[in-house]
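The sequence shown lines up with residues 2 to 152 when you count with my numbering.
We treat Cβ as the ideally placed atom computed from N, Cα and C, and that holds for glycine.
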Amino acid sequence: MREDHHAKEERKLFSTHVSRRQRPGACQRDDFDGVEVGGERFMVEMFYGDDQSNPATGADAAERLIVQNEVDFLLGPYTSGSTIAVQPICQKYQVPMISGSAESPNVWLAKPEFNFGIIPSVDTTSGQSLGVLVALSNPKAKTIAVIGVNE
Numbered sequence: 002m003r004e005d006h007h008a009k010e011e012r013k014l015f016s017t018h019v020s021r022r023q024r025p026g027a028c029q030r031d032d033f034d035g036v037e038v039g040g041e042r043f044m045v046e047m048f049y050g051d052d053q054s055n056p057a058t059g060a061d062a063a064e065r066l067i068v069q070n071e072v073d074f075l076l077g078p079y080t081s082g083s084t085i086a087v088q089p090i091c092q093k094y095q096v097p098m099i100s101g102s103a104e105s106p107n108v109w110l111a112k113p114e115f116n117f118g119i120i121p122s123v124d125t126t127s128g129q130s131l132g133v134l135v136a137l138s139n140p141k142a143k144t145i146a147v148i149g150v151n152e
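This is how it looks when you write it as structure tokens:
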């Protein structure tokens with residue numbers, strides 16, 4: 002990593018999918034006294050970038066936030082395509098990214114060193130979910146439709 006993260010006075014965050022109107026109110030209050038982690042309190046500074054569901058725009062936003070705003074880690078893009086585009090940026094600058102919703106198996110094929118997911122890819126869960134839906138349907142399901150982004 003670039004430096005000892007425990008030595009920093011402020012923690013900086015990045016989120017590509019939260020608009021400025023949706024900023025967490027707690028961080029904007031005058032009486033905000035930071036975030037407690039393991040008994041230690043840290044001040045948090047939030048930075049935002051909008052990937053506009055476009056992988057190239059997401060990569061540009063990530064690089065700008067890492068280089069100009071010196072964020073410590075990224076809360077990753079909403080879509081798998083943008084997440085895949087941001088992964089090399091995270092690798093280049095050794096900045097970790099947490100992906101909260103990128104479900105394509107392609108996100109994890111390259112085994113990105115600095116990208117961490119909090120939900121499994123759709124290929125490991127969809128069969129079980131569909132099986133439950135079919136088993137519980139009455140009358141029995143004969144067809145199914147899936148709506149999503151083709152990434």
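Where does the unbroken alpha helix (DSSP H) through Y49 begin, and where does it stop?
Here residue 49 refers to the residue found at position 48 of the sequence shown. No alpha helix (DSSP H) holds Y49; the beta strand (DSSP E) holding it covers E41 to Y49.
Taking only the alpha-carbon atoms, compute the straight-line gap between V96 and N55 and give it to the nearest angstrom.
For this step, residue 96 is matched to residue 95 along the sequence shown. For this step, residue 55 is matched to residue 54 along the sequence shown. One C-alpha to the other measures close to 21 Å.
Measure the CB-CB distance between M44 and G50 and report whether it falls below 8 Å.
By 1-based counting over the sequence shown, the position of residue 44 is 43. By 1-based counting over the sequence shown, the position of residue 50 is 49. Contact flag unset, no.
May I have the straight-line CA-CA distance separating A103 from P89, to the nearest angstrom?
Taking the sequence shown and counting its residues from 1, the one referred to as residue 103 is at position 102. Taking the sequence shown and counting its residues from 1, the one referred to as residue 89 is at position 88. Going from the Cα of A103 to the Cα of P89 covers about 16 Å.
Status (buried if at least 16 other CB within 10 Å, exposed otherwise) for T84:
Here the question's residue 84 lines up with position 83 in the sequence shown. Counting of Cβ neighbours within 10 angstroms places T84 among the buried residues, the total reaching 16 or more.
Could you give the uninterrupted runs of the alpha helix (DSSP H) lying entirely in the segment 73 to 134, keeping only those of 4 residues or more?
Correct list: 81 to 94.
Between the C-alpha atoms of G82 and V108, what's the straight-line distance to the nearest angstrom?
Numbered from 1 along the sequence shown, position 81 holds the residue referred to as residue 82. Numbered from 1 along the sequence shown, position 107 holds the residue referred to as residue 108. Each residue's Cα considered, the two are about 8 Å apart.
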